[in-house]
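Protein chains in written order, with this note's numbering: chain A, -19 to 84; chain B, 136 to 752; chain C, 1216 to 1381.
Idealized CB from N, CA, C, for every residue including glycine.
Here the structure comes first, spelled out in structure tokens, and everything after it is commentary.
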Amino acid sequence: MPNVPVPLNYYLTLSAILFMIGAAGFIIRRNIITVFMSIELMLNAVNLTFVTFSYQFRQVDGHIYSFFVMVVAAAEAAVGLAIILTVFKNRSTLTIDDVSSMKN
Amino acid sequence: MHSLWLIPIFPLVGFLINGMLGRRFSKTVINTVAVGSVVLSFLWVLKALSALAPLNETYVEHYFTWISSGTLDIGFDFAIDRLTMVMLLVVTGIGSLIHVYATGYMAHEGGYYRFFAYLNLFMFFMLTLVLAANYVLLFVGWEGVGLCSYLLIGFYFLKKSASDAGKKAFIVNRIGDFGFSLAMFLIVISFGTLDFQKVFAKASTISPEVQYGSITTICLLLLVGAIGKSAQIPLYVWLPDAMEGPTPVSALIHAATMVTAGVYMIARSATLFERAPIAMDVVAYIGLATAVMAATIGLVQNDIKKVYAYSTVSQLGYMFLGCGVGAFSAGIWHVVTHAFFKALLFLGAGSVIHACAGEQDMQKMGGLMKKIPITFAVLFIAAMAIAGVPPLSGHYSKDAILMAAHARAPWMYWVGVVTAGMTAFYVFRSIFLTFFGEYRGKAHPHESPAVMWVPLAVLAVLSLIGGYAFNIPEFLSPVLPMHGGVHDESLATIATAAGLAGILLAAICYLFVPSIPGALASAFAPIYQTLYDKYYVDELYNVSIVKPIANGSREILWKGADVGVFDALVNGAGTTSMALGGLLRKMQSGNLRTYASWVLIGILLVMGGFAVYGGAK
Amino acid sequence: MDLILFIVFAMFAVASALGLILQTHPINSALSLIGVMGSLAVLYLLLGAEFIAAAQLVVYAGAIMVLFLFVIMLLNAGEERNPWKAPVVAYIGGPVVIFLIGAFVYLINFTLPPMRSVSFGDFTGGGPREIGMAIFTKYLLPFEVTSVLILIAIVGAMVLARKEID
């Protein structure tokens, strides 16, 4: 089987598709945890872009950025899930439409 | 380097210390800081001068470039030449004496630290003004002393007349400063620089025909500035009112130093003025007119400080006359001697007022000679000096000015001589009213403490020998060539005789036949009243300038423009924002998903922009 | 071979992502996300990012997703009402998303300058050695700052999740 190289555009396109799916999930889903997971999906899509461009420019910097994104995502997950726990404890709900106290 | 910057820095440090911490200090600490800083700068002046002697060339110290714009380069430079040196010695020397005096005079006043902080700040700005090597830096000092003058005139700010007088001084000076700024702009346009040396070097190379007009305009505008600062017609009105300030302030700022800044500035710009004969004539006319007018007003005033204030205006007129007839160095000489005897007069008057527990009306004094003999002695010397009695200081400088005036136009000389007679008359009138006859007041006069009369004694010595010992014109000849006016014995004698005649007349009117003044006043009631009311100049200004401006501001600018147009615009803007904000408020649903949708729409717009403009190239 | 691998795992990733947002139960969503991450790790490998691929599996699919599952089970999150049945979502949201994806695809494929093509093993600069060199020289300061960030996150999580919160 011949080795057909994959144009980098494909990777970027995949990244865009994943990102948009994540964005759609973020907007449409109501469960706080699913919304959070949509964010993670978007972060992954962006990571893919970083790595792709790193390949394009033959540099390791993009890898470093996605590494940092992972670290930040881990920190964010820790704090975010803690917030979700607290919200649930106080309001007994996981639906973000019920958590609209930012207004007023 | 001789560290000229230290000279003004000492008082600035004093100002900062006293101004920021003075409230907590005892009076002793405040005194030490205030007086010490000025004395230090006096000593530093002496040190710098002894190191720089004989100072035939201008010595410049460049510290840093302050403003650099295109071809215009303004440095923070201090320069010192013989003219500066004279002014430095006068400012720091007399400043030190007056600071010492003020520690005694102000001992029982509130706001003690504030007073000395302002006084030190004034010294800082005055020294900056004198040391400046370009017009801009001079202007900094110029404005600074104006500010301090305002602060100190309004020192008793709870008194409405004092704060009004401060505002009047400030506003009237603005008119002069406006002229000064215009002059600087014109200098930049004409010469491309504001450095004294460069401007004068360029001015002396161009022939009068080429730049005749612009140099005359520059000089006339500079003159406007000088008129404001040095209280000449028509802007002199602020100086008599400035006597609302404490007496040491009157002595230091409104007699010895700040008001002579105008004369200094004209003398500094002598190279320009010499190329502008019309401006010179204007200077001379204004000086002469001011001298006569202020002297006539001074004849009939009853407030001892007002008398000396008008006398100051009149003497400043003399200095302008000297500059206007080309005898700049004579004008500076008069600045120096006047600083001696007028500071002495004011401080003596302060001592009298101090003795009479704040009374300033001479009609309620009298017979003080035995009660405050030291004050009497020094005031008498000062009066002799201002009257031009030889060999006291005033005689020499006044003679030099009058000789130069005679060389320019004999009638100027004669007007000057008559004014000298009037000067002698009103000064001795104040002396006789205050010290002779019976005491007419209620308070119990007492001699001032030593801290007050010792500076007076030093100034008295200076007034006695100042003219003979310091031949300023000769000293200044490398900087300011002396023009015209060979010394003529007969003319000098006439001037001296006029002074003596004035003294004699005053003695007759107020010592021997006290009924004469009253009879004269009632015989020439209209004239007397006009003089007593200072030619109604304040009222004239009030009707012709202040009222129209105030009414115009109120009716047109406030009720018409401000309320009608600007307020409407501002309120309209507010209402519009409220309405728009109300719309935008609906966006803030508090719902996370709605917010996310807005973000998405933002992305949409950005991507649309990318797509239209061709993406990331 | 590269193309086939790419297509297979790209399809799997997209399918899992759709699963993430279409499934109504959070557990299913989380498992779909793990699927996305796994396939992305393979794609990273194809791009020569060995370290990132490993970290993706260990940190993301391992640690973070376990945390998610843990929270889901702790809170006993139930099924969500299917949001896709709302008319606004169906008739406006769907087309918008598709339009946006189309716009992205257009921008990527027709406005970017020409790009390389990927063949496995062509770029080997993504190993642990290179990453380590970069992190501890050029990116030392950001790296240290990150550690502070994590410390803060730990403290923050503890403060937020402790029992006696009001």
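Pairwise C-alpha distance: residue j and residue i
i                       : j                       : result
residue 510 of chain B  : residue 589 of chain B  : 10 Å
residue -1 of chain A   : residue 696 of chain B  : 57 Å
residue 1266 of chain C : residue 733 of chain B  : 36 Å
residue 59 of chain A   : residue 1362 of chain C : 15 Å
residue 718 of chain B  : residue 1278 of chain C : 45 Å
residue 1288 of chain C : residue 67 of chain A   : 16 Å
residue 522 of chain B  : residue 182 of chain B  : 35 Å
residue 1386 of chain C : residue 1245 of chain C : One cannot answer for residue 1386 of chain C here, as it falls past the ends of chain C, which runs 1216 to 1381.
residue 161 of chain B  : residue 287 of chain B  : 21 Å
residue 261 of chain B  : residue 655 of chain B  : 44 Å
residue -5 of chain A   : residue 731 of chain B  : 20 Å
residue 423 of chain B  : residue 456 of chain B  : 6 Å
residue 667 of chain B  : residue 432 of chain B  : 6 Å
residue 329 of chain B  : residue 270 of chain B  : 6 Å
residue 298 of chain B  : residue 439 of chain B  : 21 Å
residue 421 of chain B  : residue 317 of chain B  : 20 Å
residue 1262 of chain C : residue 1234 of chain C : 25 Å
residue 290 of chain B  : residue 250 of chain B  : 7 Å
residue 725 of chain B  : residue 77 of chain A   : 9 Å
Alpha helix (DSSP H) segment containing residue i, residue limits
i                       : result
residue 406 of chain B  : 405 to 409
residue 462 of chain B  : No alpha helix (DSSP H) holds residue 462 of chain B; DSSP gives it neither H nor E.
residue 650 of chain B  : 650 to 658
residue 153 of chain B  : 141 to 156
residue 1231 of chain C : 1217 to 1237
residue 726 of chain B  : No alpha helix (DSSP H) holds residue 726 of chain B; DSSP gives it neither H nor E.
residue 682 of chain B  : 682 to 687
residue 675 of chain B  : 672 to 676
residue 1266 of chain C : 1265 to 1270
Selected residue, minimal CA-CA separation from residue i, among the options
i                       : options                           : result
residue 235 of chain B  : B:586, B:183, B:200 and B:496     : B:586
residue 437 of chain B  : B:146, B:193, B:652 and B:674     : B:652
residue 1341 of chain C : A:74, A:39 and A:-13              : A:39
residue 285 of chain B  : B:378, B:657 and B:562            : B:378
residue 547 of chain B  : B:381, B:453, B:169 and B:559     : B:453
residue 566 of chain B  : B:503, B:543, B:606 and B:531     : B:503
residue 498 of chain B  : B:576, B:267 and B:727            : B:576
residue 514 of chain B  : B:541, B:477, B:535 and B:530     : B:477
residue 738 of chain B  : C:1222, C:1282 and C:1316         : C:1316
residue 1253 of chain C : C:1313, C:1376, C:1318 and C:1269 : C:1269
residue 417 of chain B  : B:402, B:391, B:459 and B:295     : B:459
residue 1368 of chain C : A:-7, A:41 and A:63               : A:63
residue 1286 of chain C : A:1, A:-10, A:12 and A:-7         : A:12
residue 1293 of chain C : C:1243, C:1374 and C:1329         : C:1243
Secondary structure of residue i, DSSP reduced to three states
i                       : result
residue 1257 of chain C : helix
residue 615 of chain B  : coil
residue 188 of chain B  : coil
residue 11 of chain A   : strand
residue 392 of chain B  : coil
residue 702 of chain B  : helix
residue -13 of chain A  : strand
residue 75 of chain A   : strand
residue 416 of chain B  : helix
residue 668 of chain B  : coil
The beta strand (DSSP E) enclosing residue i, as first and last residue numbers
i                      : result
residue 201 of chain B : 194 to 204
residue 214 of chain B : 207 to 215
Below-8 Å beta-carbon distance, residue i vs any chain D residue
i                      : result
residue 728 of chain B : The chain labelled as chain D is not found among the protein chains of the depicted structure, namely A, B and C.
Cβ-heavy atom distance, residue i to the ligand HEM, below 7 Å
i                      : result
residue 635 of chain B : Looking for the ligand HEM in the displayed structure turns up nothing, as the structure carries no ligands at all.
Length-filtered (4 minimum) alpha helix (DSSP H) runs lying within the segment 309 to 385 of chain B: Secondary structure in the segment 309 to 385 of chain B: the alpha helix (DSSP H) runs of 4 residues or longer, each lying completely within the stretch, are 331 to 340, 343 to 364 and 373 to 376 in chain order.
3-residue-minimum beta strand (DSSP E) runs that sit fully inside the segment 1279 to 1345 of chain C, ordered along the chain: For the segment 1279 to 1345 of chain C, not a single whole beta strand (DSSP E) run of length 3 or above is found.
Length-filtered (4 minimum) alpha helix (DSSP H) runs lying within the segment 216 to 291 of chain B: DSSP runs (the alpha helix (DSSP H)) wholly in the segment 216 to 291 of chain B: 217 to 240, 247 to 266 and 270 to 288.
Segments of 4+ residues assigned as alpha helix (DSSP H) that fall wholly inside the segment 486 to 559 of chain B: Runs found: 508 to 522 and 528 to 543.
Ordered list of alpha helix (DSSP H) runs contained in the segment 561 to 627 of chain B, each at least 4 residues: List check, alpha helix (DSSP H) in window: 585 to 604 and 607 to 611.
Beta strand (DSSP E) runs contained entirely in the segment 1345 to 1370 of chain C, provided each spans 3 or more residues: Fully contained in the segment 1345 to 1370 of chain C is no beta strand (DSSP E) run of length 3 or more.
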